[in-house]
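Chemist: One structure, as structure tokens, below. Some questions next.
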Amino acid sequence: MFRRLPDLGGETVNFTIDGRPATARLGDTVAAALLASGMESCRTTPVSGAPRAPYCMMGVCFECLVTINGIGNRQSCLIPVAEGMAIETQKGARSIASEYSAKGDAA
Amino acid sequence: MTQNSAIRLESEIAVIGGGLVGSATAYGLARQGARVLMFDEGDIAYRASRGNFALVWVQSKGLGMPEYATWTKASAEQWSTLAKSLRDDTDIDVAHHQPGGFILCLSEAEMEARINAMRRLHNQPKMVQYPYEVLDHDETKRRLPAIGPDVVGSVFCPLDGHVNSLRLFRALHTAIARLKVDYRPNSPIESIKPDHDGFLINGPWGQARVQKVVLAAGLGNARLAPMVGLHAPVRPSKGQVIVTEKAAPFLHHPMVTVRQTDEGGVMIGDSQEDLGFDTVVTPPVISLMAQRAVRMFPLLAGLNIVRTWSALRVMSPDGFPIYDQSQSCPGAFVVTCHSGVTLAANHTLTLAHHILEGTLPASLEAFSSRRFHVSSAA
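Protein chains in written order, with this note's numbering: chain A, 1 to 107; chain B, 1001 to 1378.
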């Protein structure tokens, strides 16, 4: 759906979407990186399960929520993508219990 | 008087107040075929019904008035009937669940105080009996795996539960609209006057004549009750509430101060402050509530808070409900309590029937405001 402008240079950043490798440009927000990589929806809603994608791109609408490095419901339009970032799409509500137990295992 | 008599009788019963108490009572009246007129204020009203914590709660209630424990238990027991009736009448599921609830204690002193309070409650003469369990940390952890090490123990009661109270509120209003209750928002009441064999109700919107009147105006009852020979000395008790973002279900029972709603948000609440009509949210209270909640369930620390608010409970001098009928103006009733969700089932399925019959039964005598005269004379 989205294509990058052809004349933009800049450093490349490697990250993963649901475990699949992807690339973005340094300075992209996570939301921009997801859209540029062809993603059409980043989550489904907790109540009705409807698909959602980044919308306002300025921190207001909360549609672009994703799990970043194990923490759910991050606003992807406000967070710059970083090398090695693990981004996961969310199905329904954030699972605080599995995030917490994952953190406990790591500690 | 001649002028007054010319005003036609508009309805059999006027319910004053469109909150949970008024709408639950009006629903009960309308279900039995009464022609009901319901007056409500606008958005400037205090509306405890939109700020409450949504528990159907039994344990811990009734110390000092065992009749209140009996009444509360009865409502909890017929809550499923109310939920079904609302679902049948409106197709709205109010997410009623009574899986049993916990009061968690964060120190040995809290635990001891809670156990003593439960013993005192259940040792009262005439106290209705129901099961509850005192659980140590390990047993609490077995039933609620998300608790943290600071939880010393808990008291569990299988009768406790919760609902989605905003949906309950909408369901009640939808139901009464379908039953042709004449709902009049933005209609404050200036005066109520006994008139012939009924009442003349006045406001900036005009006048209405009715046969009976039920005061269910929350904090407004204090002003309205004396107009019809009743007494309802209710005062505001401020409660602050936090709600988090929605998360996948991890709390399958309500606590008295923490619960996960059917849609996933976690509500943290139950502060009590006596500050008049002040409804400002204050960071010291909110952070203390959040801190205690995180000690109970450490994983809450990772959740984002999306909203905080405060609302005013409608509190009588002893904290118990007031149900009363006017001696000097027969046909006038007052209904007020701070547990509009828990008691909604009674208000619809029991109380409305008595109001329609015209007399409150002896079983509700303990709730008369005459108890306040007795205590002040003693």
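Note that beta-carbon positions come from the ideal geometry of N, C-alpha and C, so glycine has one too.
Any contact of the region 1141-1157 of chain B with the region 1102-1118 of chain B, i.e. 3+ C-beta pairs under 8 Å?
Modeler: Verdict: yes, contact present.
Chemist: Starting from the beta carbon of ASN1304 (chain B), find every residue of chain A whose beta carbon is closer than 7 Å, and list them in chain order.
Modeler: To locate residue 1304 (chain B), count along the second sequence from 1; it is residue 304. Ordered by position in chain A, the residues that pass the 7 Å Cβ test against ASN1304 (chain B) are ASN73.
Chemist: If you measure beta-carbon to beta-carbon, which residues of the region 1219-1247 of chain B are closer than 8 Å to chain A?
Modeler: Going along the region 1219-1247 of chain B in chain order, one finds GLU1245, LYS1246 and ALA1247 with a Cβ nearer than 8 Å to chain A.
Chemist: Which full runs of the alpha helix (DSSP H) of 4+ residues lie inside the region 20-87 of chain A, going along the chain?
Modeler: 30-36, all fully within the region 20-87 of chain A.
Chemist: Could you tell me how far apart the beta carbons of LEU1379 (chain B) and PRO1236 (chain B) are, in whole angstroms, since I believe they sit closer than 8 Å?
Modeler: Within the shown structure, residues of chain B are numbered from 1001 to 1378, placing residue 1379 (chain B) beyond reach of any answer.
Chemist: Taking the Cβ atom as the reference point for each residue, do ILE1322 (chain B) and THR1308 (chain B) lie within a distance shorter than 8 Å?
Modeler: Stepping through the second sequence from its first residue, residue 1322 (chain B) is reached at position 322. Stepping through the second sequence from its first residue, residue 1308 (chain B) is reached at position 308. Going by C-beta atoms, ILE1322 (chain B) is not nearer than 8 Å to THR1308 (chain B).
Chemist: Within its chain, find whatever has a CB closer than 6 Å to the CB of GLY92 (chain A); leave out the 5 residues flanking it on each side and keep chain order.
Modeler: Here residue 92 (chain A) is taken as the residue at index 92 of the first sequence, counted from 1. Answer for GLY92 (chain A): THR44 and PRO46, listed in chain order.
Chemist: Taking the alpha helix (DSSP H) that ASP1138 (chain B) falls in, what are its first and last residues?
Modeler: Numbered from its first residue, the second sequence carries residue 1138 (chain B) at position 138. Taken as a continuous stretch (DSSP letters only), the alpha helix (DSSP H) holding ASP1138 (chain B) covers 1137-1143.
Chemist: How many angstroms separate the CA atom of GLY1018 (chain B) from the CA atom of GLN1291 (chain B)?
Modeler: Residue numbering aside, residue 1018 (chain B) sits at position 18 when the second sequence is read from its first letter. Residue numbering aside, residue 1291 (chain B) sits at position 291 when the second sequence is read from its first letter. Taking the straight line joining both Cα atoms gives about 35 Å.
Chemist: According to the neighbour-count rule (16 or more other Cβ atoms, all chains shown, within 10 Å of its Cβ), is LYS1212 (chain B) buried or exposed?
Modeler: Reading the second sequence from its first residue, position 212 is the one you call residue 1212 (chain B). Classification of LYS1212 (chain B): buried, given that the 10 Å Cβ count is 16 or more.
Chemist: Hey, does PRO46 (chain A) have any beta-carbon neighbour from chain B nearer than 8 Å?
Modeler: Stepping through the first sequence from its first residue, residue 46 (chain A) is reached at position 46. Answer yes: the Cβ-Cβ gap between PRO46 (chain A) and chain B drops below 8 Å somewhere.
Chemist: Closer than 7 Å by C-beta to ASN1221 (chain B): which residues in its own chain qualify, once you throw out the five before and the five after it? Chain order, please.
Modeler: In the second sequence, residue 1221 (chain B) corresponds to position 221, counting from 1. Excluding positions up to five away in sequence, the list reads LEU1215, ALA1232, VAL1234, VAL1334 and THR1336.
Chemist: Report, in whole angstroms, the separation of the C-beta atoms of ALA1048 (chain B) and VAL1314 (chain B), which I expect to be a contact under 8 Å.
Modeler: Reading the second sequence from its first residue, position 48 is the one you call residue 1048 (chain B). Reading the second sequence from its first residue, position 314 is the one you call residue 1314 (chain B). About 6 Å separates the two Cβ atoms, so the contact holds.
Chemist: So, with DSSP's three-state summary, where would you put GLU1112 (chain B)?
Modeler: Here residue 1112 (chain B) is taken as the residue at index 112 of the second sequence, counted from 1. The answer is helix: DSSP assigns GLU1112 (chain B) an H, G or I state.
Chemist: Once DSSP output is grouped into helix, strand and coil, what is the label at LYS1180 (chain B)?
Modeler: Counting from one through the second sequence, the residue named residue 1180 (chain B) turns up at place 180. The answer is coil: DSSP assigns LYS1180 (chain B) none of H, G, I, E or B.
Chemist: Near ILE17 (chain A), what residues of its chain come up, given a Cβ to Cβ distance below 6 Å and the 5 sequence neighbours on each side ignored?
Modeler: Position 17 of the first sequence, counted from the start, is the residue given in the question as residue 17 (chain A). Excluding residues within five positions, the ones whose Cβ falls inside 6 Å are ILE87.
Chemist: Alpha carbon to alpha carbon, how far is THR1244 (chain B) from GLN1207 (chain B)? Give it in angstroms, no decimals.
Modeler: Taking the first residue of the second sequence as 1, we reach residue 1207 (chain B) at position 207. Taking the first residue of the second sequence as 1, we reach residue 1244 (chain B) at position 244. When rounded, the distance between both Cα atoms is 45 Å.
Chemist: State yes or no: is the C-beta of ILE1103 (chain B) within less than 8 Å of the C-beta of MET1255 (chain B)?
Modeler: The sequence position of residue 1103 (chain B) within the second sequence is 103, counting from 1. The sequence position of residue 1255 (chain B) within the second sequence is 255, counting from 1. Closer than 8 Å, so yes.
Chemist: For ASN1123 (chain B), which three-state DSSP category applies?
Modeler: Numbered from 1 along the second sequence, position 123 holds the residue referred to as residue 1123 (chain B). Here ASN1123 (chain B) sits in coil by DSSP.
Chemist: So, does the CB of ALA1146 (chain B) fall closer than 8 Å to a CB anywhere in chain A?
Modeler: Indexing the second sequence from 1 puts residue 1146 (chain B) at position 146. It does; some Cβ of chain A falls within 8 Å.
Chemist: In its own chain, which residues sit with a C-beta less than 8 Å from the C-beta of ILE96 (chain A), not counting the 5 before and 5 after it?
Modeler: The sequence position of residue 96 (chain A) within the first sequence is 96, counting from 1. Closer than 8 Å at Cβ, skipping near neighbours: GLY72.
Chemist: Distance, Cα to Cα, ILE1286 (chain B) vs PRO1298 (chain B)?
Modeler: Stepping through the second sequence from its first residue, residue 1286 (chain B) is reached at position 286. Stepping through the second sequence from its first residue, residue 1298 (chain B) is reached at position 298. Roughly 17 Å separates the two Cα atoms.
Chemist: What are the partner residues of GLY9 (chain A), as DSSP defines its beta bridges?
Modeler: Locating residue 9 (chain A) in the first sequence gives position 9, counting from the first residue. DSSP, once it has assigned bridges, lists no residue as partnering GLY9 (chain A).
Chemist: Out of A:ALA50, A:PHE15 and A:SER48, which one is the CA nearest neighbour of SER37 (chain A)?
Modeler: Translated into positions along the first sequence, residue 37 (chain A) becomes position 37. The residue with the shortest Cα to Cα distance from SER37 (chain A) is A:PHE15.
Chemist: For ALA1177 (chain B), which residues in the same chain have their Cβ closer than 8 Å to its Cβ, ignoring the five residues on either side in sequence?
Modeler: Here the question's residue 1177 (chain B) lines up with position 177 in the second sequence. TYR1183, listed in sequence order.
Chemist: Just curious, the beta strand (DSSP E) that GLY1239 (chain B) is in, first and last residue?
Modeler: Indexing the second sequence from 1 puts residue 1239 (chain B) at position 239. From DSSP, the beta strand (DSSP E) with GLY1239 (chain B) extends over 1235-1246.
Chemist: Tell me, please, whether the CB atom of GLU99 (chain A) is closer than 8 Å to any CB atom in chain B?
Modeler: The residue you call residue 99 (chain A) lines up with position 99 of the first sequence. Closer than 8 Å to some Cβ of chain B, the Cβ of GLU99 (chain A) qualifies, so yes.
Chemist: Quick check: is the beta carbon of SER115 (chain A) nearer than 8 Å to any beta carbon in chain B?
Modeler: Only positions 1 to 107 of chain A appear in the structure, and residue 115 (chain A) is not among them; the question remains open.
Chemist: Can you tell me the Cβ-Cβ gap for VAL1036 (chain B) and ALA1045 (chain B), rounded? I've got them flagged as a contact below 8 Å.
Modeler: For the purposes of this step, residue 1036 (chain B) is taken as the residue at position 36 of the second sequence. For the purposes of this step, residue 1045 (chain B) is taken as the residue at position 45 of the second sequence. Wrong, their Cβ atoms sit about 19 Å apart, outside the cutoff.
Chemist: Spell out whether any CB of chain A is found under 8 Å from the CB atom of PHE1102 (chain B).
Modeler: Position 102 of the second sequence, counted from the start, is the residue given in the question as residue 1102 (chain B). Not an interface residue.
Chemist: GLU1133 (chain B) by DSSP, collapsed to three states: which one?
Modeler: For the purposes of this step, residue 1133 (chain B) is taken as residue 133 along the second sequence, with counting starting at 1. Correct three-state label for GLU1133 (chain B): strand.
Chemist: Along chain B, which residues have their Cβ under 9 Å away from the Cβ of GLY92 (chain A)?
Modeler: The residue labelled residue 92 (chain A) in the question sits at position 92 within the first sequence. Result: LYS1246, ALA1248 and GLY1264.
Chemist: Under 8 Å Cβ to Cβ from ALA106 (chain A), same chain only, skipping five residues before and after it: list those, please.
Modeler: For the purposes of this step, residue 106 (chain A) is identified with residue 106 of the first sequence, where counting begins at 1. Because the pLDDT at ALA106 (chain A) is just 42, under 50, the model does not fix this residue reliably, and the point stays unresolved.
Chemist: Check whether the Cβ of LEU1343 (chain B) lies closer than 8 Å to any Cβ atom in chain A.
Modeler: As a first step, residue 1343 (chain B) must be located in the second sequence, where it is residue number 343. No, because no Cβ of chain A sits closer than 8 Å to the Cβ of LEU1343 (chain B).
Chemist: Out of B:GLU1067, B:LYS1073 and B:ARG1370, point me to the one whose CA is closest to PRO1125 (chain B)'s CA.
Modeler: Position 125 of the second sequence, counted from the first residue, corresponds to residue 1125 (chain B). The shortest C-alpha separation from PRO1125 (chain B) is found at B:GLU1067.
Chemist: Measuring CB to CB, does MET1219 (chain B) end up less than 8 Å from ILE1192 (chain B)?
Modeler: For the purposes of this step, residue 1219 (chain B) is taken as the residue at position 219 of the second sequence. For the purposes of this step, residue 1192 (chain B) is taken as the residue at position 192 of the second sequence. Note on residue identity: the sequence assigns Leu, not Met, to residue 1219 (chain B). It is not a contact, given that the beta carbons lie outside the stated cut-off.
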